[in-house]
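Numbering of the sequence shown is given in this note's numbering, commencing with residue 1163 and proceeding in unit increments.
Note sheet for the following structure.
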Amino acid sequence: LVDSRDLVVLITNLIMELISINDKIPLHQHRLTRFHSRSPPHISVHDYLRRLVEHANLPPSILLSIVYYIDLLCDMYPGFAITSLTVHRFLIASAMVASKALNDTFWTNQTYARIGGVSPTELAMLELEFLFRVKWQIVPNPESLINYYHSLVERCGDFEIERPAL
């Protein structure tokens, strides 16, 4: 069983590495996406992700799906990159999409919008943009989520996967 708090740390580390690389790329007007904000929000990525986990009750499968969606969206939408201007909107949209795709019960768009600090209209537009960009391929293979988890742990020297006792 994976602790969501540990996953928040692992995913934050990955995202912060991506941001440190992608924020160095000059931003051009023609490369703006619906996920871009005018300026970075004042909440850190770690605190925002923790807020989503706590208030939207995101289980580990949803958190790992967010990592899967980073690769999927960047692959299928070359104009998109995780930056300090896109990360928060990406996180709330991908958390909502994953929850709807993988859970039998999920919150309303209004609730996700309130938790994420965006308007319901904006979140609906982000959701549609996301879904069209990934061609509605939103249900990850369970084995790929396990592989993403192993990769996250391997990238961070402070964590290791506990092996079951024989």
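Positions of the beta carbon are idealized from the N, C-alpha and C atoms, including for glycine.
Check                                                                                                             : Outcome
Cutoff 8 Å; reference residue 1289; Cβ partners in own chain excluding five residues on either side               : 1255, 1258, 1259, 1271
Minimum C-alpha distance to residue 1201 - residue among 1245, 1284, 1263, 1164                                   : 1245
Beta carbon of residue 1173 nearer than 8 Å to that of residue 1229                                               : yes
Residue 1308 vs residue 1264 beta-carbon contact at 8 Å                                                           : no
Distance CB(residue 1160)-CB(residue 1279) smaller than 8 Å                                                       : Residue 1160 lies beyond the range of the chain shown here (1163 to 1328); nothing can be said about it.
For residue 1187 and residue 1107, the rounded distance between their alpha carbons                               : The chain is shown from 1163 up to 1328; residue 1107 falls before or after that span and cannot be answered.
Three-state secondary structure assigned by DSSP to residue 1167                                                  : helix
Cβ-based burial, residue 1248 [other Cβ within 10 Å; buried from 16]                                              : buried
Spatially closest choice to residue 1317 from 1195, 1262, 1179, by CA coordinates                                 : 1179
Whole alpha helix (DSSP H) elements within the segment 1274 to 1304, 4-residue minimum                            : 1282 to 1295
Completely contained alpha helix (DSSP H) runs for the segment 1242 to 1279, where each covers 4 or more residues : 1249 to 1264, 1271 to 1278
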